[in-house]
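Participant:
There are 2 protein chains.
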Amino acid sequence: MPEGQSRIITSWEQHFKTNVSTAISVDCVVFGYDQKELKILVLDCDIDEFMGKKSLVGELVKPNETLDEAAQRILSYWTGIEGLYMEQVKSFGSPKRHPLGRVVSVAYYALVSLQKFPEPKGRNNLQWLPYHALGDMAFDHKQMAESCLQTLRSRIKEKPLGFSLLPKKFTLQQLQNLYEVVLELELDKRNFRRKLLSKDLLIDLNETESSVSHRPAKLYSFDYDQYKLNRRQNSLFSIKI
Amino acid sequence: MPEGQSRIITSWEQHFKTNVSTAISVDCVVFGYDQKELKILVLDCDIDEFMGKKSLVGELVKPNETLDEAAQRILSYWTGIEGLYMEQVKSFGSPKRHPLGRVVSVAYYALVSLQKFPEPKGRNNLQWLPYHALGDMAFDHKQMAESCLQTLRSRIKEKPLGFSLLPKKFTLQQLQNLYEVVLELELDKRNFRRKLLSKDLLIDLNETESSVSHRPAKLYSFDYDQYKLNRRQNSLFSIKI
DNA sequence: TATCTTAGTGTCCTTGTGACACAAAGTAGA
DNA sequence: TCTACTTTGTGTCACAAGGACACTAAGATA
């Protein structure tokens, strides 16, 4: 069936001669967590076609940067924080997805602690929105958010991502709540603690919560060094069906 | 930190006015399996910079097709088979990855039964190469192949992908060998059978191998209908570390 | 000092999985 | 047709992991 690959090469060269307009962008699904809610960072879209809808933070990739660099640039531009945890998820390339022309967009998800970035300020009404309060979104951004959430759910079972969404010092109950919210299931308190503590990845800070009107909980932090040492299949969870 | 998003919108519009040359391509890592070897489909690269090296099958995405459509087109062009199993894996966008200009490429993996497509014919010496015999490749295609293999390894533990790489009728030993080769580990014959048969996803065909000079093995086929019915966390394997 | 609220803990039973060895079936060659 | 050869196909036991489950402990408040 192959008829000739020289034809293919020609088409590549032609592409650059004829200046077909194609663009690459990066869109980021930035997750935050607070008050037993998973949130994502959104803007008001100001393109005519999608007026009134929310969009993800994103921009065109510049000529001399990699995709990861573009994502980091976008993240630090909107949050002011450098080096956020992020991961590429999937590219979206439906021909009509952007009204201005052919734009293929690479979706990333990123994790921010809401303690570090509680009240977004910026143009276009930058804000945290509870994931479940997202209605329709501009472009195919809703699909992107869903893909990214699915990826987050699968990664958080294996990698210690949850800790990027919590304050440095946290209680076991906070950690459990986070997992319950992200994975949309209920976990048994005793089994959860047994599992987590058996990994020897949590540092007991010998401190307790303050300003709570009941027995204060112990505070822990995550031991990244220990994790890096033996990251052999350090699967954090096994989840019941 | 955000200085103004209107600036961002402007840059998008500008992009399409100034006709910056950017291209999108799709590259496919086509996996095949035979004789206890995992193979991939490669071409001789005929671009000057990479003369003598192997490359993946791939091409520019056309103006009116989605990424998935481009991947299907490429796959059927080179193999002559429609509707191969494939999945998007990752996009590669290093600015200098292609000598002709800025090309962001979306990598897909695909699975073909070597029985359906045993002897490739086509330009550029299209051929199956054992995965471990791949040396350096053109562009960043080696990285793509590695990413795709990693994804295949992780998916094959959960989804019934292996069956796309085998003939319709297969023996349990063939299936076990395939898993051993892809995952690079040894499995216990009895435990493997216990696990697979307990899923009720294999149809006992009441046939046996022929033309072997020893006790012939029973033949099975995979029950896709049954699988679809209860695809609830139908994880096929749990793998020892 | 009594009440309220959340933290923190241990056991039992079931299930899943790894380790392990030998008889059965068919072929090929003497 | 008998023997040797090769690969198939099978069962048990011991251990580890995980799910279900209820009460006491600690501190705050009125």
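Order-wise, the sequence lines are chains G and U. The numbering used here puts the first residue of the first sequence at 3, with every later residue one more than the last. The numbering used here puts the first residue of the second sequence at 3, with every later residue one more than the last. From the three backbone atoms N, C-alpha and C, an ideal C-beta is built for every residue, glycine too.
Can you tell me whether DSSP reads U/Glu-61 as helix, strand or coil?
Facilitator: strand
Participant: How about G/Phe-239: is its C-beta nearer than 7 Å to some C-beta of chain U?
Facilitator: no
Participant: What does U/Ser-96 reach in chain G if we use C-beta pairs closer than 7 Å?
Facilitator: Thr-68
Participant: Using CA atoms only, rank isn't needed, just tell me which of G/Val-105, G/Asp-48, G/Pro-101, G/Ile-76 is closest to G/Val-59.
Facilitator: G/Ile-76
Participant: If the cut is a Cβ gap below 7 Å, which residues of chain G does U/Glu-15 touch?
Facilitator: Leu-102
Participant: Counting only Cβ pairs nearer than 7 Å, list the residues of chain U close to G/Ile-158.
Facilitator: Ordered by position in chain U, no residue passes the 7 Å Cβ test against G/Ile-158, which lies about 15 Å from the chain.
Participant: Can you look up G/Asp-142 in the DSSP assignment and give me helix, strand or coil?
Facilitator: coil
Participant: Sorted by chain position, which residues of the same chain lie with C-beta nearer than 8 Å to G/Pro-97's C-beta, five sequence neighbours on each side aside?
Facilitator: Arg-104
Participant: Looking at the strands, I want to know which residues DSSP matches up with U/Met-88.
Facilitator: U/Ala-112
Participant: Ignoring anything shorter than 3 residues or poking outside the region 154–229 of chain G, list the beta strand (DSSP E) runs there in chain order.
Facilitator: Scanning the region 154–229 of chain G from its first residue to its last, the whole beta strand (DSSP E) runs of 3-plus residues come out as 204–210, 220–224.
Participant: Please say whether G/Lys-38 and G/Val-183 have beta carbons closer to each other than 7 Å?
Facilitator: yes
Participant: Please determine if the region 111–124 of chain U and the region 73–90 of chain G are in contact, where contact requires at least 3 C-beta pairs separated by less than 8 Å.
Facilitator: Judged by Cβ distances under 8 Å, the region 111–124 of chain U makes no contact with the region 73–90 of chain G, as fewer than three pairs qualify.
Participant: Which residue from G/Glu-15, G/Leu-69, G/Glu-211, G/Tyr-35 puts its Cα closest to that of G/His-134?
Facilitator: G/Tyr-35
Participant: According to DSSP, simplified to helix, strand and coil, what is G/Pro-4?
Facilitator: Bear in mind that a pLDDT of 47 at G/Pro-4, under 50, signals an unreliable position, so the number given afterwards is only what the model happens to contain. The answer is coil: DSSP assigns G/Pro-4 none of H, G, I, E or B.
Participant: Using a Cβ-Cβ cutoff of less than 6 Å, which residues in the same chain neighbour U/Ala-140 once the five nearest sequence positions on both sides are dropped?
Facilitator: Here the set comprises Cys-47, Phe-52, Lys-55, Ser-57.
Participant: In this structure, does DSSP put G/Ile-49 in helix, strand or coil?
Facilitator: coil
Participant: Under a Cβ-count criterion, where at least 16 other Cβ atoms within 10 Å of its own Cβ denotes burial, should U/Leu-204 be classed as buried or exposed?
Facilitator: buried
Participant: Just checking, does the region 64–75 of chain G make contact with the region 157–168 of chain G on the three C-beta pairs under 8 Å criterion?
Facilitator: Below 8 Å, too few C-beta pairs join the region 64–75 of chain G and the region 157–168 of chain G to call them touching: fewer than three.
Participant: Below 9 Å on C-beta distance, what does G/Thr-153 contact in chain U?
Facilitator: Correct list: empty, because the minimum Cβ distance to chain U is about 12 Å.
Participant: G/Tyr-2 to G/Phe-172, Cα distance in whole Å?
Facilitator: No answer is possible for residue 2 of chain G: the residues shown for chain G start at 3 and end at 243.
Participant: Which one of G/Lys-64, G/Trp-130, G/Glu-209 has the shortest CA to CA distance from G/Gln-117?
Facilitator: G/Trp-130
Participant: Specify, as a first and last residue, the run of the alpha helix (DSSP H) that U/Ala-72 falls within.
Facilitator: 69–81
Participant: Whose Cβ in chain G lies nearer than 9 Å to the Cβ of U/Ser-115?
Facilitator: Close to U/Ser-115, with beta-carbon spacing below 9 Å, lies no residue of chain G; the smallest spacing is near 17 Å.
Participant: Kindly say whether G/Thr-173, judged by its beta-carbon, lies nearer than 7 Å to any beta-carbon of chain U.
Facilitator: no
Participant: What span of residues does the beta strand (DSSP E) with G/Ser-96 cover, start to end?
Facilitator: G/Ser-96 -> no beta strand (DSSP E), and no H or E assigned at all.
Participant: Spell out whether any CB of chain G is found under 7 Å from the CB atom of U/Ser-93.
Facilitator: yes
Participant: Check the C-beta distance from U/Ile-49 over to U/Pro-132 and give it rounded, since I have them as a contact under 8 Å.
Facilitator: Wrong, their Cβ atoms sit about 24 Å apart, outside the cutoff.
Participant: Would you give the residue range spanned by the beta strand (DSSP E) that U/Pro-132 belongs to?
Facilitator: 129–132
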